[in-house]
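Numbering (our numbering), first residue to last: 18 to 594. Positions of the beta carbon are idealized from the N, C-alpha and C atoms, including for glycine. Bear in mind that the values here come from a model prediction, so they are computed numbers and not experimental data. To keep things clear, I will list the structure first and then write my remarks on it.
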Amino acid sequence: MKRKRDDSDAATSSSTGGVSESLGDEFDVFLNFRGPDTRLNFTDHLYHSLDGAGIRVFLDDAEIRKGAKIGGELLRAINNSRIYVPIFSRDYASSAWCLRELVHMVECLRRSTDKAILPIFFNVDPYDVKLGTGLYSDALKKHEDRFSYDELRRWKEALTEVASIKGWHCKDIGQGELIKLVTNEVSRKLSRGVGVVPDHLIGIDDHVQAVMDLLGKDSLDVRFVVIHGMSGIGKTTLAKVVFNQIASQFQGCSFLSNVCEFSQLGKIVKLQNRLLSEILKSQSIKVQDTDSGINMIRGRCRHKKVLIVLDNLDKRDQLAKLAEKCDWFGSGSRIIVTTRDISFLKIYKNNVSMHPKAYQFYEMGEMHDSLAIRLFSRYAFESDTPPLEYDKITREIVKITGGLPLALVVIGSSLCNESEEGWDDVLAKLKKMPHKEVQDILKKEKFLDIASILVLVKMSLIKIMNDNIWMHDQLKDLGRELVRKECIKHPRECSRIWCSTIAMNVIQRRGGLRNYDSLIKGIFVLLPTKGQSQVCNITCEDISELVKLRLLEFDGGNFVGDFQDLLLELRWLYKQQ
Numbered sequence: 018m019k020r021k022r023d024d025s026d027a028a029t030s031s032s033t034g035g036v037s038e039s040l041g042d043e044f045d046v047f048l049n050f051r052g053p054d055t056r057l058n059f060t061d062h063l064y065h066s067l068d069g070a071g072i073r074v075f076l077d078d079a080e081i082r083k084g085a086k087i088g089g090e091l092l093r094a095i096n097n098s099r100i101y102v103p104i105f106s107r108d109y110a111s112s113a114w115c116l117r118e119l120v121h122m123v124e125c126l127r128r129s130t131d132k133a134i135l136p137i138f139f140n141v142d143p144y145d146v147k148l149g150t151g152l153y154s155d156a157l158k159k160h161e162d163r164f165s166y167d168e169l170r171r172w173k174e175a176l177t178e179v180a181s182i183k184g185w186h187c188k189d190i191g192q193g194e195l196i197k198l199v200t201n202e203v204s205r206k207l208s209r210g211v212g213v214v215p216d217h218l219i220g221i222d223d224h225v226q227a228v229m230d231l232l233g234k235d236s237l238d239v240r241f242v243v244i245h246g247m248s249g250i251g252k253t254t255l256a257k258v259v260f261n262q263i264a265s266q267f268q269g270c271s272f273l274s275n276v277c278e279f280s281q282l283g284k285i286v287k288l289q290n291r292l293l294s295e296i297l298k299s300q301s302i303k304v305q306d307t308d309s310g311i312n313m314i315r316g317r318c319r320h321k322k323v324l325i326v327l328d329n330l331d332k333r334d335q336l337a338k339l340a341e342k343c344d345w346f347g348s349g350s351r352i353i354v355t356t357r358d359i360s361f362l363k364i365y366k367n368n369v370s371m372h373p374k375a376y377q378f379y380e381m382g383e384m385h386d387s388l389a390i391r392l393f394s395r396y397a398f399e400s401d402t403p404p405l406e407y408d409k410i411t412r413e414i415v416k417i418t419g420g421l422p423l424a425l426v427v428i429g430s431s432l433c434n435e436s437e438e439g440w441d442d443v444l445a446k447l448k449k450m451p452h453k454e455v456q457d458i459l460k461k462e463k464f465l466d467i468a469s470i471l472v473l474v475k476m477s478l479i480k481i482m483n484d485n486i487w488m489h490d491q492l493k494d495l496g497r498e499l500v501r502k503e504c505i506k507h508p509r510e511c512s513r514i515w516c517s518t519i520a521m522n523v524i525q526r527r528g529g530l531r532n533y534d535s536l537i538k539g540i541f542v543l544l545p546t547k548g549q550s551q552v553c554n555i556t557c558e559d560i561s562e563l564v565k566l567r568l569l570e571f572d573g574g575n576f577v578g579d580f581q582d583l584l585l586e587l588r589w590l591y592k593q594q
């Protein structure tokens with residue numbers, strides 16, 4: 018379905034995009050154009066070309082009144098798109114909607130390093146868009162009675178800035194060839210990278226080269242490379258860097274993050290669907306169940322040279338459902354696996370029983386002291402070396418953490434601009450902890466609650482990119498483990514519930530938990546019970562006593578009754594159908 022807007026003020030967009038499992042709705046491309054000029058011809062053909070290449074394209078289908086402000090949904094779509102394609106047509110500047118979208122795209126571009134604007138000049142010259150002629154400048158004058166001086170100024174600045182970006186001129190080439198060029202360029206830009214790669218990468222080059230050697234790019238065999246090591250050592254970061262460097266050499270690529278997490282939620286089918294969609298560059302693929310997903314991967318990918326990253330595996334069946342055998346993929350394919358523990362692969366004499374020759378292993382060890390000091394200093398002092406007066410204490414902290422990158426980043430960030438007394442206090446606490454308990458410094462209410470976003474960003478516990486929040490998988494696991502232990506030890510005093518069974522007992526007041534509802538104050542998460550077939554209903558009476566409930570996630574089932582004036586502290590509600 019496509020948006021129907023007033024013809025005099027319409028910038029159309031349309032959407033097929035998928036859903037990003039970690040960050041919400043994400044799109045590869047946002048098309049910005051005036052509907053009456055190009056909706057049924059050039060833009061329609063471009064949309065289908067991009068969609069056919071497996072590129073997620075946003076086109077809004079909401080009905081918007083003439084002159085209305087950009088809504089929240091549309092702003093999120095612009096924020097979460099990686100590439101903007103404005104199509105400048107002859108009457109483009111007559112649409113206030115087009116101009117507002119353009120301004121927001123420029124603002125997003127200025128705030129981010131991983132976005133791009135690729136302009137298309139459709140029957141206009143860049144000089145027209147820069148207001149060098151009367152074509153666009155006269156159209157802007159007609160807006161003067163309806164819009165403020167500041168808004169008109171922003172429109173002019175955005176037009177001038179974007180028109181200076183190298184793009185495509187429809188006068189120079191046929192539309193079919195132009196659409197092909199745009200599709201290829203968008204595909205090329207999207208294949209450059211994946212996900213969030215942390216800043217201040219230290220000592221990664223040697224690891225990258227070692228993995229590259231194991232991958233053997235010139236070999237025609239199908240090869241698996243397993244990157245393993247303790248939590249927080251940098252396995253996922255290494256896999257992302259390698260993926261970014263070699264993705265362009267393959268016919269299809271897919272990076273699947275946190276496989277074990279999806280597996281625990283019974284959502285391997287979603288990963289199968291994503292893998293196929295990304296490798297085959299098609300959004301029309303719909304996997305119904307794991308068995309059909311296996312058959313589709315095996316049948317549709319066997320003649321393609323692919324690059325696949327399976328991040329954070331912990332069970333054999335996860336691999337079996339996504340990339341079990343070499344003959345599922347074409348010659349030269351490479352599958353990279355990251356895991357904390359390789360025991361599930363059933364290794365015998367350095368080989369994996371199911372692929373005795375296909376597997377290569379790379380263990381990430383702790384950082385060398387000199388590199389660890391440099392990494393810690395980047396976050397603690399914003400330099401490569403500590404000040405002389407902090408050299409000794411820096412070396413002590415590095416020694417205590419065992420060169421674990423995640424611990425160095427977290428502790429270094431927390432000590433930045435801290436007083437000398439603060440440093441001494443942290444060191445004293447670290448010395449009292451066994452090596453494996455260093456991460457206990459993260460066990461704070463503000464981490465569990467995500468109540469102080471700016472502090473968490475400063476401490477590098479989370480990153481905010483393009484209005485989305487990203488958290489390291491180890492920190493997520495730590496938080497969930499804290500909640501799980503709290504529920505088991507003190508179910509009547511816990512502030513958060515992660516276990517589905519305990520959650521239902523609380524809701525339905527079973528197991529002697531009737532009078533403890535008001536203690537549940539921080540996060541309440543109800544996850545699906547594996548194999549659960551009955552639909553679960555939550556009534557207003559069930560949760561009327563949960564007066565401090567702030568977050569409710571409900572996977573499956575229904576809400577029944579009138580919930581008005583209940584859950585006044587609720588800040589987040591998510592219901593999975």
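Counting other Cβ atoms within 10 Å of its Cβ, Trp589 stays below 16 and is therefore classed as exposed. Secondary structure note for Ser98: its beta strand (DSSP E) is the uninterrupted segment Ser98 to Phe105. Minimum Cα-Cα distance from Gly52 among the listed residues Ile100, Tyr101, Arg99 and Ala110 corresponds to Ala110. Between the alpha carbons of Ser265 and Gln289 lies a distance of about 22 Å. Secondary structure of Phe267 (DSSP, three-state): coil. Fewer than three Cβ pairs drawn from the region 92-108 and the region 235-251 lie within less than 8 Å of each other, which leaves the two stretches out of contact. Secondary structure at Phe398: coil, using DSSP grouped into helix, strand and coil. Assignment of alpha helix (DSSP H) within the region 300-361, counting only whole runs of 4 or more residues, yields 307-317 and 333-339 in chain order. In this structure, the CA atom of Leu563 is about 39 Å from the CA atom of Lys303. Under DSSP, Trp589 forms a beta bridge with Leu568. Annotation for Phe59: no beta strand (DSSP E) segment contains it, though the alpha helix (DSSP H) segment containing it runs Phe59 to Gly69.
For Ile555, the closest of Glu570, Arg567 and Phe576 by C-alpha to C-alpha distance is Phe576.
Comparing alpha-carbon positions, the option among Lys446, Leu297 and Leu421 lying closest to Gly251 turns out to be Leu421.
Distances from the CA of Lys147 to each of Gly349, Thr177 and Arg171 were compared; the closest alpha carbon is that of Thr177.
The bridge partners DSSP lists for Phe241 are Ile352 and Tyr376.
If you compare the alpha carbons of Gly419, Gly246 and Leu297 with that of Gly269, the shortest gap goes to Leu297. Look at Val141 here: in three-state DSSP terms it is coil, with no helix or strand label. Per DSSP, the continuous beta strand (DSSP E) segment holding Leu48 begins and ends at Phe44 to Arg51. The three-state reading of DSSP puts Phe279 in helix, counting H, G and I together. Ranked by Cα distance from Ser271, the options Asp68, Asp223, Lys322 and Asp230 are led by Lys322. Taking one beta carbon from each stretch, the region 396-413 and the region 246-263 have fewer than 3 pairs nearer than 8 Å; the two do not touch. Following the DSSP letters along the chain, one finds Thr150 in no alpha helix (DSSP H), marked with neither H nor E. With a cutoff of 8 Å on beta-carbon distance, Ile263 and Leu324 are scored as near each other. Taking the C-beta atoms as reference points, Val120 is found nearer than 8 Å to Ala175. A residue is called buried once 16 or more other Cβ atoms fall within 10 Å of its Cβ, and Gln581, having fewer, is exposed. DSSP, reduced to helix, strand and coil, places Leu584 outside both helices and strands of the structure shown, so it counts as coil.
About 30 Å separates the beta carbons of Phe241 and Ala389, which is beyond the 8 Å limit, so they are not a contact pair. Per DSSP, the continuous alpha helix (DSSP H) segment holding Ile410 begins and ends at Asp408 to Thr418. Each residue's CA atom was taken as its position, placing Asp579 and Cys557 some 6 Å apart. Taking C-beta atoms under 8 Å as the contact rule, Met381 and His224 qualify, at a distance of about 6 Å.
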